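Below is one structure, written out as structure tokens; comments come after it.
2 protein chains.
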Amino acid sequence: MSEKTATIEDVAQQAGVSIATVSRALHKPQLVSQSTREKVQHAIAATGYTANVMARNLRLSRSGMILLLVPDIGNPFFAEILSGIEQGASRAGYNVLIGDTQNDPEREATYAAYLRSNQADAMILLNGHLPSPLSEAPRIGTPPIVAVCERIPGSNLPTVIIDNQQAALEATRHLTQLGHARIAHIAGPAQNILTIDRVAGFNEAMAEAGLRKTASIDYSPDFGIEAGIAAARRLLRSDTPPTAFFCASDGMAIGAIVAAKELGLNVPRDISVVGFDDIHLAANYDPPLTTIRQPRRRLGEQAIALVLERLDKSRPAPDTHADNNPVIINTELIIRASTAPCTNRDPA
Amino acid sequence: MSEKTATIEDVAQQAGVSIATVSRALHKPQLVSQSTREKVQHAIAATGYTANVMARNLRLSRSGMILLLVPDIGNPFFAEILSGIEQGASRAGYNVLIGDTQNDPEREATYAAYLRSNQADAMILLNGHLPSPLSEAPRIGTPPIVAVCERIPGSNLPTVIIDNQQAALEATRHLTQLGHARIAHIAGPAQNILTIDRVAGFNEAMAEAGLRKTASIDYSPDFGIEAGIAAARRLLRSDTPPTAFFCASDGMAIGAIVAAKELGLNVPRDISVVGFDDIHLAANYDPPLTTIRQPRRRLGEQAIALVLERLDKSRPAPDTHADNNPVIINTELIIRASTAPCTNRDPA
DNA sequence: ATAAAGAATGAAAACGTTTACACGGGTTGA
DNA sequence: TCAACCCGTGTAAACGTTTTCATTCTTTAT
Chain A
21 MSEKTATIED
31 VAQQAGVSIA
41 TVSRALHKPQ
51 LVSQSTREKV
61 QHAIAATGYT
71 ANVMARNLRL
81 SRSGMILLLV
91 PDIGNPFFAE
101 ILSGIEQGAS
111 RAGYNVLIGD
121 TQNDPEREAT
131 YAAYLRSNQA
141 DAMILLNGHL
151 PSPLSEAPRI
161 GTPPIVAVCE
171 RIPGSNLPTV
181 IIDNQQAALE
191 ATRHLTQLGH
201 ARIAHIAGPA
211 QNILTIDRVA
221 GFNEAMAEAG
231 LRKTASIDYS
241 PDFGIEAGIA
251 AARRLLRSDT
261 PPTAFFCASD
271 GMAIGAIVAA
281 KELGLNVPRD
291 ISVVGFDDIH
301 LAANYDPPLT
311 TIRQPRRRLG
321 EQAIALVLER
331 LDKSRPAPDT
341 HADNNPVIIN
351 TELIIRASTA
361 PCTNRDPA
Chain B
21 MSEKTATIED
31 VAQQAGVSIA
41 TVSRALHKPQ
51 LVSQSTREKV
61 QHAIAATGYT
71 ANVMARNLRL
81 SRSGMILLLV
91 PDIGNPFFAE
101 ILSGIEQGAS
111 RAGYNVLIGD
121 TQNDPEREAT
131 YAAYLRSNQA
141 DAMILLNGHL
151 PSPLSEAPRI
161 GTPPIVAVCE
171 RIPGSNLPTV
181 IIDNQQAALE
191 ATRHLTQLGH
201 ARIAHIAGPA
211 QNILTIDRVA
221 GFNEAMAEAG
231 LRKTASIDYS
241 PDFGIEAGIA
251 AARRLLRSDT
261 PPTAFFCASD
271 GMAIGAIVAA
281 KELGLNVPRD
291 ISVVGFDDIH
301 LAANYDPPLT
311 TIRQPRRRLG
321 EQAIALVLER
331 LDKSRPAPDT
341 HADNNPVIIN
351 TELIIRASTA
361 PCTNRDPA
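Protein chains in written order, with this note's numbering: chain A, 21 to 368; chain B, 21 to 368.
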């Protein structure tokens, strides 16, 4: 129909009213009379008008965009969290811009600048640390920032996480209750907060069962399959190899099983393996993985809820759920076929 | 420092020049004298100025955003494609907005509206079909739209894909060369374009080997693990079960293996399985999967390249690589341990 | 010495909205 | 009858940029 896309002015002209009236008809319908409202509707239909979101946002000085910092979008673990976030956001009229940082501080800084340049109204951190340019100026009046999955100690950010220590405790306890004594924890990067919490839970369970002496912990550079393979190889080479692994991710558990099979071991007969996360594949691996289920979608939903709460200017900003008092989502131990009672009584 | 974030006006005042000069100093440095350029630099540093991207985009009537429609962001297959796209886009100063459509036409329409409302400068379709509101008005002057992975017949969109038929041909030929005769193709949804092309390649290879009679095809509602399990169960229940599966995805291949193991069959001794995609896990499944590798990152890179080419107003818009003459990315047959020579000579 | 050209800058318009304010006309209450 | 009020609408100012055009000053060529 039109050469250029129609603007509010075209609609106004077509309807024989002012642009102010058109705007009001769209956003404050109760302020405009029934008859003009209809005229505007028709004019909009006739011109095929779609509001220019950029102009609107400029005027309102908002962007309608929520920035999501993820360390690696390729990790399927994040997908469902994203999905939960995206759903909540779009219901509230926000878009989600995903920033894949690859743990590169420079990329993090680039994205963090979006907050300053009004390209994003809020930020959700899935990557476990504040981009460095922000760490200095966490002032009041800054756009909302929320941390998910990994709490950021000292940041005072609203946070939603699972209780990693408790989950690790339950996972390990499952193994001790099956009679395992020599249990190894295949852990993530040593300085990672998830690692620290899960190691604590592991240690707690081992202490509880009086097994401090036969516990071992092996740290890895990341949570991937290859890391799990390498760790398991190291551990199984020992004189007194473990009879069970508690792995910090399902990927690592899969790696551990690969390594065990390499050595001709049968899982779970010769060695039990517990994973973490309950990724989609866990139920269909061979053997199906005993693991800790993280309600990922719920994590995302809670995170976006905290953001929206803080974005809503009408309400007084709640100042709760800081990292020392986070929203905690419950996990669940899913028992499948990768764990079994310990048969290998200590030969010593 | 400042109450509100600094604007270009603050910088101008601080530097004792006009806002025009500040803008020029930033974007056309050769037009402004050395001395003022420095004054502006200092003023920017002093005020902590960051340009308001929305205002800039409004003035330039662009959004700096490239919209990506994916059917399901949870599918790890897409992740690396996204990553390739994102990288190329950000190098050219564009952001990537991911629209997870879940194959919901309504969501597709919502996102497609972004093009009209200037919220996105271009669109990349990973979901295999044009959002309905666009199918009617594919006029000249419309923002660039590019299809990846799934060509959209008749759309005349620039397209980058793999040669699905050729890839399926090679995969199937691998099986016939191993001596398999009763080969079943576990295919995706019947109307899906990928399915159609791969089925064609499968049929071609079977015909080539004179095996039309012992070929069978089983369609599924999607490409997931569960679909693979169900299909394999159906096929293995036959009086003359296949000795090999060619699956339309690695997920389905995993499902097929799960089903085979259920029946006490050994892969590859009793039955060979070929997958498609070479997802990360393929190499670490038990057994490691023989599969078709799709260079996913390259697909993404090519797609964004086509987009940027068309976004560059300085060049005459190339009108090539339409869906009937697409950019084709080469695949590769990766032979691992899920396939072996056929031992089960036809008892008939 | 003067015209022409060039270099550096500023004033102001434009991008497409939303909204504070002003205004006119109709209703209400005294 | 007149003041007070409300309802519906229009005018114009913002939001923060980029860029055209005009202006001033300097340089160069004749």
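The beta carbon of each residue, even a glycine, is placed where N, CA and C say it ideally should be.
Note that the structure is predicted; figures quoted are calculated from it, not measured.
Counting of Cβ neighbours within 10 angstroms places Gln211 (chain A) among the exposed residues, the total staying below 16. Using a Cβ-Cβ cut-off of 8 Å, Met143 (chain B) does not count as an interface residue toward chain A, since no Cβ of chain A sits closer than that to its own.
Judged by their CB atoms, Leu102 (chain A) and Leu88 (chain A) are nearer to each other than the 8 Å cut-off. When only Cα atoms are considered, Ile237 (chain B) and Ala302 (chain B) end up about 23 Å apart. Here the C-alpha atom of Ser83 (chain B) lies approximately 8 Å from the C-alpha atom of Met74 (chain A). The stretch 35 to 44 of chain A makes no contact with the stretch 37 to 53 of chain B; the number of CB pairs closer than 8 Å stays below 3. The CB of Pro209 (chain B) never comes closer than 8 Å to any CB in chain A; the least such distance is about 19 Å. A contact between stretches requires three or more CB pairs, one per stretch, nearer than 8 Å, and the stretch 247 to 262 of chain B meets this requirement with the stretch 276 to 296 of chain B.
Just measuring C-alpha positions, the residue of B:Gln122, B:Leu78, B:Gly68, B:Arg111 sitting nearest Gly94 (chain B) is B:Gln122.
With a threshold of 8 Å between beta carbons, Gly94 (chain A) makes contact with chain B. Under the Cβ distance rule, Asp343 (chain B) does not count among the residues neighbouring chain A, no pair being separated by less than 8 Å.
Note: Phe265 (chain B) is bridge-paired with B:Ala204, B:Val293 in the DSSP secondary-structure output. In this structure, the alpha-carbon of Thr192 (chain B) lies about 16 Å from that of Ile182 (chain B). Following the DSSP letters along the chain, one finds Ile312 (chain A) inside the beta strand (DSSP E) bounded by residues 311 to 313. The C-beta separation of Leu135 (chain A) from Pro163 (chain A) comes to about 5 Å, placing the pair in contact by the 8 Å criterion.
Residues of chain B with a Cβ closer than 7 Å to the Cβ of Asn115 (chain A) are, in chain order, Leu117. The residues Thr67, in chain order, have a CB closer than 6 Å to that of Asp30 (chain B) in the same chain once the five nearest residues on each side in sequence are set aside. Close CB contacts of Ala188 (chain A) within its chain, under the 6 Å cut and outside five residues either way in sequence, are with Arg218, Gly221, Phe222 (chain order). An exposed status is given to Pro241 (chain A), since fewer than 16 other beta-carbon atoms sit within 10 Å of its beta-carbon. Residue-level contact by beta carbon holds for Asp306 (chain B) and chain A, with a gap shorter than 8 Å. About 6 Å separates the beta carbon of Ile105 (chain B) from that of Val116 (chain B), a gap short enough to meet the 8 Å contact definition.
Neighbours of Val60 (chain A) in chain B, taken as residues whose beta carbon is under 7 Å from its own, are absent, since the nearest beta carbon is some 18 Å off. Residue range 235 to 239 is occupied by the beta strand (DSSP E) that includes Tyr239 (chain A), with no alpha helix (DSSP H) assigned at that position. Separation of Ala99 (chain B) and Gly119 (chain B) (C-alpha to C-alpha, rounded to the nearest whole angstrom) is 13 Å. Remark: C-beta atoms of Arg289 (chain B) and Thr363 (chain B) approach each other more closely than 8 Å. Assignment of alpha helix (DSSP H) within the stretch 33 to 70 of chain A, counting only whole runs of 4 or more residues, yields 39 to 47, 54 to 67 in chain order. Looking at the DSSP output, Leu88 (chain A) bridges to A:Ile118, A:Ile144. With a threshold of 16 other beta carbon atoms within 10 Å, Thr311 (chain B) meets it and is buried. The beta-carbon separation of Thr179 (chain B) and Pro346 (chain B), rounded to 4 Å, stays under the 8 Å limit for a contact. In the structure shown, the three-state DSSP call for Glu329 (chain A) is helix.
Put simply, of B:Leu231, B:Pro262, B:Asp141, B:His205 the residue whose alpha carbon is nearest the alpha carbon of Leu331 (chain B) is B:Asp141. No Cβ of chain A is located within less than 8 Å of the beta carbon of Thr121 (chain B). Here Ser292 (chain A) really is in contact with His200 (chain A); their C-beta atoms are around 6 Å apart, less than 8 Å.
Put simply, the CB of Gln139 (chain A) is near chain B, with a gap under 8 Å to one of its CB atoms. Comparing alpha-carbon positions, the option among A:Val42, A:Ser137, A:Tyr114, A:Glu190 lying closest to Ala71 (chain B) turns out to be A:Ser137. When CB distances to chain B are screened at a threshold of 7 Å, the residues of the stretch 74 to 87 of chain A falling below it are Met74, Ala75, Asn77, Leu78, Ser83, in chain order.
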